[in-house]
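What follows is a set of notes on a single structure, which appears directly below.
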Amino acid sequence: MPRIAVNGTELYYEDSGTPSGGSATGQAIIFSHGLLMNCAMFAGQVAALRARYRCIAYDHRGQGKSAASDMRCIDMETVAADGAALIEALGVGPVHFCGLSMGGFVAMRLAARRPELLRSIILLETSAQPEPAENVGSYKKMNAVARWLHFRLVAPRVMPIMFGQTLLTAPGRDADRAAARAMLFGNRRDIWRAVNGVIERKGIEEEITRIRVPTLIAVGDEDVATKPEKAEAIAAAIPGAKLVRIPRAGHSSSMEEPAFVSNMIAEFLQGLIA
631 MPRIAVNGTE LYYEDSGTPS GGSATGQAII FSHGLLMNCA MFAGQVAALR ARYRCIAYDH
691 RGQGKSAASD MRCIDMETVA ADGAALIEAL GVGPVHFCGL SMGGFVAMRL AARRPELLRS
751 IILLETSAQP EPAENVGSYK KMNAVARWLH FRLVAPRVMP IMFGQTLLTA PGRDADRAAA
811 RAMLFGNRRD IWRAVNGVIE RKGIEEEITR IRVPTLIAVG DEDVATKPEK AEAIAAAIPG
871 AKLVRIPRAG HSSSMEEPAF VSNMIAEFLQ GLIA
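Have a look at this one:
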């Protein structure tokens with residue numbers, strides 16, 4: 631799959647192309663992943679939706695297979711600008727933009743600042759607030775270990791932040807646990823730069839009140855990284871936003887409950903057409 635030069639970097643992306651079943655809508659969905667993950671976290675959604683929509687999933691700069699960065703802090707303003715530039719470079723706008731966690735930070739910024747690029751946004755396990763003060767110290771310590779030693783040393787502590795207890799402990803989920811572990815433990819040595827961007831991000835609570843594109847907000851009921859009240863606050867701030875709680879999911883619902891998330895997205899998008 632290709633890389634594309636945008637906004638002074640190269641982003642890796644995967645494009646399902648023309649819908650295999652014929653497009654009833656002629657519309658595209660951009661999938662934007664969370665910190666410490668990559669575009670593969672949306673594999674279930676792409677498989678479920680590609681027959682009707684052109685599905686494009688990409689890796690943020692400094693993550694996955696996208697180009698490295700020399701920035702000490704890959705800030706959210708830069709990452710959001712990358713997302714806008716990707717839409718423009720591919721010529722697929724306006725799009726439905728689905729962002730999980732960090733990807734949600736991008737989606738909200740685009741919806742508030744570049745609404746002409748969007749048809750709707752889908753926000754999964756995300757927050758409009760800055761990183762809670764009580765998290766910053768421990769996250770910085772783990773990030774220092776990742777930077778100077780290796781991310782694998784902190785990955786076991788990160789697993790219960792990124793995934794809910796159902797996936798981590800339920801019988802019959804061995805394959806899912808292995809996939810989650812492989813993605814998390816496979817992070818690059820320079821991932822600390824992207825982590826700084828999330829830790830140091832500014833809140834956009836006031837900015838999101840300007841969002842007018844159709845908005846679906848969903849959160850796993852086991853999410854401890856961005857707890858459900860964060861999603862509730864976003865829903866209260868955006869006129870007409872729809873809020874869904876995802877059972878048995880933590881901070882990575884697209885991987886933990888892929889069928890639920892895919893069906894939820896399909897229903898939301900179909901409702902926009904009807």
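Be aware that the sequence shown starts at 631, since it is given in the numbering used here, and climbs by one per residue. Glycine included, C-beta positions come from ideal geometry on N, C-alpha and C. These numbers come from a predicted model, not from an experiment.
Thinking just about the alpha-carbon of each residue, which of the options is nearest to the one in residue i?
i, options, result
"isoleucine 838", "Val709, Ala742 and Tyr683", "Ala742"
"alanine 861", "Ser699, Leu747, Leu754 and Met813", "Leu754"
"proline 762", "Gly733, Val828, Thr639 and Ala867", "Val828"
"valine 614", "Leu666, Ile751, Gly713 and Trp778", "Nothing about residue 614 can be reported from this structure: the residues present for the chain run from 631 to 904 only."
"glutamine 795", "Arg807, Cys703 and Thr845", "Arg807"
"isoleucine 895", "Met667, Leu873 and Gly880", "Leu873"
"lysine 770", "Glu887, Val825 and Leu783", "Val825"
"alanine 848", "Phe890, Ala776 and Ala812", "Phe890"
"phenylalanine 815", "Arg878, Ala714, Asp804 and Arg787", "Arg787"
"alanine 711", "Asn893, Leu797 and Asn637", "Asn637"
"glutamate 897", "Arg682, Glu835, Met813 and Ala863", "Arg682"
"alanine 678", "Ser646, Ser662 and Ala698", "Ser646"
"glutamate 852", "Pro869, Pro877 and Glu836", "Pro877"
"isoleucine 834", "Gly721, Leu740 and Glu644", "Leu740"
"serine 731", "Phe793, Pro745 and Val784", "Phe793"
"leucine 902", "Gln657, Arg819, Tyr643 and His881", "Gln657"
"threonine 756", "Asn773, Ala697, Tyr643 and Leu846", "Leu846"
"glutamate 886", "Gly850, Ala758 and Ile686", "Gly850"
"serine 892", "Gly674, Tyr642 and His663", "Gly674"
"glutamate 836", "Arg818, Ala810, Asn817 and Ile868", "Ile868"
"valine 854", "Ser882, Ala785, Ala871 and Ala865", "Ser882"
"leucine 641", "Ile791, Ala871, Cys669 and Val784", "Cys669"
"aspartate 705", "Ala714, Pro745, Val736 and Arg875", "Val736"
"leucine 720", "Met667, Ala697, Pro632 and Asp820", "Pro632"
"serine 696", "Arg684, Arg744 and Ile634", "Ile634"
"glutamate 746", "Ser884, Pro724 and Gly880", "Pro724"
Since residue i is in the alpha helix (DSSP H), which residue starts that stretch and which ends it?
i, result
"valine 736", "732-743"
"isoleucine 903", "888-903"
"leucine 679", "673-679"
"arginine 633", "Per DSSP, arginine 633 belongs to no alpha helix (DSSP H); it is in the beta strand (DSSP E), 633-636."
"threonine 796", "795-799"
Go to residue i, then tell me how far its beta strand (DSSP E) extends in each direction, as first and last residue.
i, result
"aspartate 804", "Taken as a continuous stretch (DSSP letters only), aspartate 804 belongs to no beta strand (DSSP E), being part of the alpha helix (DSSP H) at 804-815."
"aspartate 705", "Where aspartate 705 is concerned, there is no enclosing beta strand (DSSP E), given that its DSSP letter is neither H nor E."
"arginine 684", "684-688"
Reducing DSSP to helix, strand and coil, say where residue i ends up.
i, result
"serine 884", "helix"
"leucine 666", "coil"
"alanine 824", "helix"
"glutamate 830", "coil"
"threonine 648", "coil"
"tyrosine 643", "strand"
"alanine 698", "coil"
By a C-beta neighbour count over all protein chains shown, 10 Å radius and 16 as the cutoff for buried, is residue i buried or exposed?
i, result
"histidine 690", "buried"
"isoleucine 659", "buried"
"threonine 799", "exposed"
"asparagine 765", "exposed"
"tryptophan 822", "buried"
"histidine 780", "exposed"
"serine 768", "exposed"
"threonine 856", "buried"
"proline 888", "buried"
"glutamine 900", "exposed"
"isoleucine 841", "buried"
"arginine 702", "exposed"
"arginine 831", "buried"
"arginine 782", "exposed"
"alanine 758", "buried"
"glutamate 859", "exposed"
"alanine 805", "exposed"
"proline 801", "exposed"
"glycine 694", "buried"
*Let me know the alpha helix (DSSP H) ranges lying completely inside the region 711-792, each 4 residues or longer, listed in chain order.*
732-743, 763-778 and 785-792
*asked:* My parser needs the alpha helix (DSSP H) runs of 4 or more residues fully inside the region 836-881; what are they?
replied: 858-867
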